[in-house]
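Sequence order for the protein chains is A and B. This note's numbering puts the first residue of the first sequence at 444, with every later residue one more than the last. This note's numbering puts the first residue of the second sequence at 3, with every later residue one more than the last. Contents: one structure, followed by commentary.
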Amino acid sequence: MTWDTIANIMIGGVLTGLVYALMALGLSVIFGVIKVVNFAHGEMMALAMYAAFVIFSTYGLDPLLATPIIAGGLFLIGYIMQRALVAPFVTRPEHEQFILLLAVAILLVNGLLLIFGPDAQSVMVEYGFDSFEVGPLILDKVKVYAAAASIAVALSLLLFFKYTRTGKAIRACSDNLRGAQVVGLNIKNLYALTFGLGAACVGAAGCLLSMLVDITPMLAPELTLLAFIIVIIGGLGSLSGALLGGVLIGASEALAGLLITPSMKSLFSFGLLILVLAIRPQGLLGKRSS
Amino acid sequence: MTNKPTKGVSTPISRRTFAKGMAIGTAALASPFSIIGSANAAKPLKIGVLSPESGFFAREGQACRRGYELAGPMLADMGMPVEMMFADTESSADKARTAAEKLINEGAHILVGAFVSGHTMAIAQVAEQKGIPHIINIAAAPQITKQGYKYVFRNFATGPMLIKNGFGLIKDLFKATGTTPKTAVFMHVNDTFGKAMAGGVKALAPRMDLPFKIVETIAYDPKAKDLSVEIAKAKSTKADILLPASHGPDAIMMVREMVKQRWEPMGIMTPGAPGTYDQAFFKTLQRFSEYVMANVPWMDPNLDMTKTLASGFAKKYPKNMMELNVGFSFEATLIAADAYKRAGSSNPDQLAAALRETNITNHVMVGGPIQFNKEGQNVNIKSTTLQNLDRKPTVVLPAGSAEAKPVFPMPGWRDAKRK
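Okay, here's the thing in structure tokens:
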């Protein structure tokens, strides 16, 4: 096998990993602030993928251009969902939160099955079969665009948290909830905003992923699992950890396919997960709990 | 006051009652149809139909269901009414097992299904344990009919049969086109079906005097969302042809990735797997679906029963394409109804005995009469070479059944011939 082949495979893995990272970023944002694990994460992503499919097949709008619309829609859904459903469960035991979000996940998958059926749907953009040729490298055009959009969304989110007043307020809730309450921050609203932002991330990721993989409702639980693997590897609650985890999973799966056998790709992800849990339980960039 | 029979005491029979009973009995015996026969005619055979109607194999499962749904009225017209009891295996072997048990408990006389080899094996075990006949519509893993089962019958080619027929046709293709590739890469889905195909290729390729060498075998995850790594590996072998053993969605992913990575082998030809002639394959890949070949069993368009089935299909499912899943699913119910007619009973042992004696010459798929050997396998199933031409799977080999001439090597992905 030539170096060109190896480089092509590795770059492809990293590009896919970046889209995965955006999905995991949403999960990490929600947990980092609200301390609720969104077990309906993959299902919300499937919802976004179907939204991209409907918009594309009805209006012919490229998912890249539809990303802000779908992310906005998911933000609203996330905001309302937090205020109406999740908020009463924030202080309840974890197993009750788990059951609640699992129920949401089941409802979403079955709703999608009911509306769209079990058949795989695909979003075939005009450039869906094209690639960039850079010297000996052949880069999948869709993956390059999706990865670039993913980086842009992730960067915007990080900047939002670092430089805006609302972003700083959300971080304050995460760092010291009591302190945030004392200074009079509207915790309920900030929690709902955070959940909305997490959902928007997953909405954008779903929109981008719809160009890369075929869409079926049954994809949702797999995506939830994938998001969990990524955030656990990167560190639950760590935004940069989620990005690193996504890229690592994408690259390691590609490497496993290359060096061992492609049918062992998933095994490699789980192997990496076990390794991280054994050596650094808080994840690669996660903070050790006191 | 009415005369009710008292428990434990026999009721005396009057002369009039006895005479009336004798008259009815004699009339019944004299009738060309026995009372048992009449009861059977009133009670159609209950067929428990198992297909993956949701989940990963939903598309194929729903195609199978179309075949079953067409079979009901067609068989009724042929004087063989049946009652279908549908169950969804949800693309899971565990669900398939549970669904089979449920159908038997609800009164199914016979089971039919279930497209995926792994699911079919689970159903066959249940059928054998409960002593209920099971007719396999589609499933190629050879081990299913190697277990010494008495109630399992398969009207589909085994993996080795598919490969043997497929490789035979591939050799014919090279002769017909005067082009002989030297190397091939074999890519297979890593599930029961794919492994059976891989085992068959490994065992049969050296014995079949193939003109090409298989330089690499690549197995991929049945639930893979992306085949970029797999195709990059295959491309790096610089093989002349690709031999895929896929299902449906993975066949689309495979070709899509080949186009993106600009890998243009001389041909893509499955030795006996589905996926490349599905409606979704054409719809998704459009011009890139052209010239792909599949060596698989197919409907014989010249047979009357096929024509009736095709006409019924076109009326009921105008938006869908009739393919082998429909044909084999229809035939599975035909076999069940035929056995019931000959057995004259829904007794499972009598049905199984009748199935062993099956000899159906008028059917829809290419090949000889439907007959089962001692293992319950129909050995008369033949394959054809289908090539996608003008968005339609077209028979190009054997020459006797060909609708068009084969195109090999296939034009490049950006060639103007692809429209």
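The C-beta atom is built at its ideal place from N, Cα and C for all residues, glycine as well.
Exercise. What is the DSSP secondary structure of alanine 436(B), reduced to helix, strand or coil?
Worked result: Residue 436(B) is absent from the structure shown; chain B starts at 3 and stops at 421.
For this session: Taking glutamine 127(B) as the reference, give the member of Ala102(B), Val187(B), Lys317(B) with the closest Cα.
Result: Of the candidates Ala102(B), Val187(B), Lys317(B), the one whose C-alpha sits nearest the C-alpha of glutamine 127(B) is Ala102(B).
Problem set entry | Endpoints, the beta strand (DSSP E) within which valine 719(A) is located | Careful: valine 719(A) lies outside any beta strand (DSSP E), inside the alpha helix (DSSP H) at 708 to 722.
Problem set entry | Cα-Cα separation, glycine 649(A) to leucine 490(A) | Spanning the two alpha carbons is a distance of roughly 8 angstroms.
Exercise. CA-CA distance, alanine 29(B) and asparagine 349(B)?
Worked result: Summary for alanine 29(B): the model assigns pLDDT 43, below 50, so the residue's position carries little reliability, and this model does not support an answer.
Problem set entry | Closest Cα partner of isoleucine 172(B) within the set Leu244(B), Asn375(B), Lys97(B) | Looking at Leu244(B), Asn375(B), Lys97(B), the one whose alpha-carbon comes closest to that of isoleucine 172(B) is Leu244(B).
Exercise. Can you find a CB in chain A that lies within less than 7 angstroms of the CB of arginine 61(B)?
Worked result: Yes, contact with chain A.
Exercise. For alanine 334(B), which of Phe158(B), Lys225(B), Ala198(B), Arg416(B) has the nearest alpha-carbon?
Worked result: Per the Cα distances, Phe158(B).
Exercise. Does DSSP put valine 476(A) in a helix, in a strand, or in coil?
Worked result: Assigned with DSSP and collapsed to three states, valine 476(A) falls in helix.
Problem set entry | isoleucine 140(B) versus glutamine 725(A) - alpha carbon distance | In a straight line, the C-alpha of isoleucine 140(B) is about 49 angstroms away from that of glutamine 725(A).
Exercise. With a cut-off of 8 angstroms, do at least 3 Cβ pairs link the segment 280 to 287 of chain B to the segment 305 to 312 of chain B?
Worked result: Cβ pair count under 8 angstroms is below three, so no.
For this session: Please say whether phenylalanine 532(A) and leucine 550(A) have beta carbons closer to each other than 7 angstroms?
Result: No, these two residues do not count as a Cβ contact at 7 angstroms.
Exercise. Would you call the CB atoms of glycine 571(A) and valine 585(A) closer than 7 angstroms?
Worked result: Yes, these two residues count as a Cβ contact at 7 angstroms.
Exercise. For arginine 264(B), does the three-state DSSP call read helix, strand or coil?
Worked result: Reduced to three states, the DSSP call for arginine 264(B) is coil.
Exercise. For the 8 angstroms Cβ check, are there 3 or more pairs between the segment 506 to 524 of chain A and the segment 638 to 657 of chain A?
Worked result: In the pairwise beta carbon analysis, the segment 506 to 524 of chain A is classified as touching the segment 638 to 657 of chain A: at least three pairs are separated by under 8 angstroms.
Problem set entry | Cα-Cα separation between threonine 396(B) and threonine 272(B), rounded to whole angstroms | If I take the Cα positions, the gap works out to 15 angstroms.
Exercise. Counting Cβ pairs closer than 8 angstroms, one from the segment 470 to 489 of chain A and one from the segment 671 to 682 of chain A, do we hit at least three?
Worked result: Under the Cβ criterion (8 angstroms, minimum of three pairs), the segment 470 to 489 of chain A counts as touching the segment 671 to 682 of chain A.
For this session: Would you kindly work out how many angstroms separate the C-alpha atoms of valine 398(B) and glutamate 232(B), rounded to a whole number?
Result: Rounded to the nearest angstrom, the gap between the Cα atoms of valine 398(B) and glutamate 232(B) is 29 angstroms.
Problem set entry | Strand pairing of valine 577(A), partner residues [DSSP] | DSSP lists Leu580(A) as partners of valine 577(A).
Exercise. Who are the neighbours of alanine 221(B) on chain A, taking C-beta pairs under 8 angstroms?
Worked result: Within chain A, the residues Thr704, Pro705, Ser706 have their CB atoms less than 8 angstroms from the CB of alanine 221(B), given in chain order.
Exercise. When you check each C-beta in the segment 248 to 270 of chain B against every C-beta of chain A, which residues fall closer than 9 angstroms?
Worked result: Taking a C-beta cut-off of 9 angstroms against chain A, the contacting residues of the segment 248 to 270 of chain B are Gly250, Pro251, Ile254, Met255, Arg258, Glu259, Val261, Lys262, Gln263, Arg264, listed in chain order.
Problem set entry | Contact residues within the segment 202 to 235 of chain B, judged by C-beta distance below 9 angstroms to chain A | Listed by position, the residues of the segment 202 to 235 of chain B near chain A (Cβ gap below 9 angstroms) are Ile220, Ala221, Tyr222, Asp223, Pro224, Lys225, Ala226, Lys227, Asp228, Leu229, Ser230, Val231, Glu232, Ala234, Lys235.
For this session: Note down, in chain order, all residues in the segment 559 to 578 of chain A with a beta-carbon under 9 angstroms from any beta-carbon belonging to chain B.
Result: Answer set for the segment 559 to 578 of chain A: Gly560, Pro561, Asp562, Ala563, Ser565, Met567, Gly571, Phe572, Asp573, Ser574, Glu576.
For this session: Have a look at glutamate 218(B) and valine 187(B) and give me their C-alpha separation to the nearest angstrom.
Result: Rounded to the nearest angstrom, the gap between the Cα atoms of glutamate 218(B) and valine 187(B) is 5 angstroms.
For this session: Could you name the residues that DSSP lists as bridge partners for aspartate 90(B)?
Result: Secondary-structure assignment with DSSP links aspartate 90(B) through a beta bridge to Ser53(B).
Problem set entry | CA nearest to the CA of lysine 262(B), picked from Ile137(B), Ser238(B), Ala234(B) | The shortest Cα separation from lysine 262(B) among Ile137(B), Ser238(B), Ala234(B) belongs to Ala234(B).
For this session: Answer yes or no: does any C-beta atom of chain B fall closer than 7 angstroms to that of valine 656(A)?
Result: Closer than 7 angstroms: yes.
For this session: Check distances from the C-beta atoms of the segment 688 to 703 of chain A to those of chain B and list, in chain order, the residues that come in under 8 angstroms.
Result: Taking 8 angstroms as the upper bound on Cβ-Cβ separation, chain B lies near residues Glu696, Ala697, Gly700, Leu701 of the segment 688 to 703 of chain A.
Exercise. Is arginine 68(B) near tyrosine 319(B), with beta carbons less than 7 angstroms apart?
Worked result: In contact: arginine 68(B) and tyrosine 319(B) (Cβ atoms closer than 7 angstroms).
Problem set entry | Cα-Cα separation between aspartate 340(B) and methionine 82(B), rounded to whole angstroms | So the two alpha carbons sit approximately 7 angstroms from each other.
Exercise. So, lysine 421(B) versus arginine 289(B), is the Cβ gap smaller than 7 angstroms?
Worked result: Inclusion of lysine 421(B) and arginine 289(B) in the CB contact set at 7 angstroms is warranted, their separation being smaller than that value.
Problem set entry | chain B contact for isoleucine 581(A) (CB, 7 angstroms cutoff) | Contact of isoleucine 581(A) with chain B is assigned, a C-beta pair being separated by under 7 angstroms.
Exercise. From this set, Ile558(A), Gly680(A), Ile452(A), which residue's C-alpha is nearest leucine 728(A)'s C-alpha?
Worked result: The shortest C-alpha separation from leucine 728(A) is found at Gly680(A).
Problem set entry | For glycine 269(B), three-class secondary structure by DSSP | In the structure shown, glycine 269(B) adopts extended strand secondary structure according to DSSP, grouped into three states.
Problem set entry | serine 94(B) to glutamate 325(B) span [Cα, whole Å] | In this structure, the CA atom of serine 94(B) is about 23 angstroms from the CA atom of glutamate 325(B).
Exercise. Who are the Cβ neighbours of proline 413(B) in its own chain at under 7 angstroms, not counting the five residues just before and after it?
Worked result: When the five nearest sequence neighbours on each side are left out, the beta carbons in the same chain lying within less than 7 angstroms of the beta carbon of proline 413(B) are those of Tyr293, Lys419, Arg420, in order along the chain.
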